[in-house]
Amino acid sequence: MKMLVTVDIPHEPFNTLVRNGQAGAVIGRILDSIQPEATYFTEQDGHRCAILVVEVANGAAVPALAEPFFLNFNADCKFRIVMSPADLQQAGLDEIGKRWS
Numbered sequence: 017m018k019m020l021v022t023v024d025i026p027h028e029p030f031n032t033l034v035r036n037g038q039a040g041a042v043i044g045r046i047l048d049s050i051q052p053e054a055t056y057f058t059e060q061d062g063h064r065c066a067i068l069v070v071e072v073a074n075g076a077a078v079p080a081l082a083e084p085f086f087l088n089f090n091a092d093c094k095f096r097i098v099m100s101p102a103d104l105q106q107a108g109l110d111e112i113g114k115r116w117s
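Note that the working numbering has the sequence shown beginning at 17, numbered continuously upward.
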């Protein structure tokens, strides 16, 4: 299943890694390890932010996704299961609606 991972990266220690020329290498190692389908970098609430889409089999995949960001950047991570339109069509919303109406 697909999971959306939002990583809120605090200014430190990231600023120090940038100044030392190490930020790109650390990010590269993390992305090589977790192999996201898509990765975007942006700003969120005044902090650097990464947004990734990853494929996971179950919740046991979360530590391998989060720990590199926790350990290298003291980052906060949020995880959400996401669906494509095809996934949503398979969810049986019509039947659920009938059952709970």
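C-beta: ideal position from N, C-alpha, C; glycine also.
Note that the structure is a prediction, hence the values are computed from the model and not measured.
For the stretch 30-40 and the stretch 109-116, state whether three or more C-beta atom pairs, one from each stretch, are separated by less than 8 Å.
no
Check for me: the beta strand (DSSP E) holding Ala102 runs from which residue to which?
As a working mapping, residue 102 is identified with position 86 in the sequence shown. Element bounds for Ala102: not the beta strand (DSSP E) but the alpha helix (DSSP H), Pro101 to Gln105.
Go through its chain and collect everything with a Cβ distance to Asp61's Cβ below 8 Å, but skip five positions before and after it.
Within the sequence shown, residue 61 is the residue found at index 45, counting from 1. So the list reads Asp24, once near-sequence residues are dropped.
On the criterion of 16 or more Cβ atoms from any shown chain inside 10 Å, does Phe57 qualify as buried, or is it exposed?
Here residue 57 corresponds to residue number 41 of the sequence shown, with the count starting at 1. Exposed: under 16 other Cβ atoms inside 10 Å.
Using the beta-carbon count (16 or more within 10 Å), is Leu104 buried or exposed?
Here residue 104 refers to the residue found at position 88 of the sequence shown. Result: exposed.
Take Arg96 and list the residues in its own chain whose beta-carbon comes closer than 6 Å to its own, dropping the five residues that flank it on each side.
Within the sequence shown, the letter at position 80 stands for residue 96. Around Arg96: Leu20.
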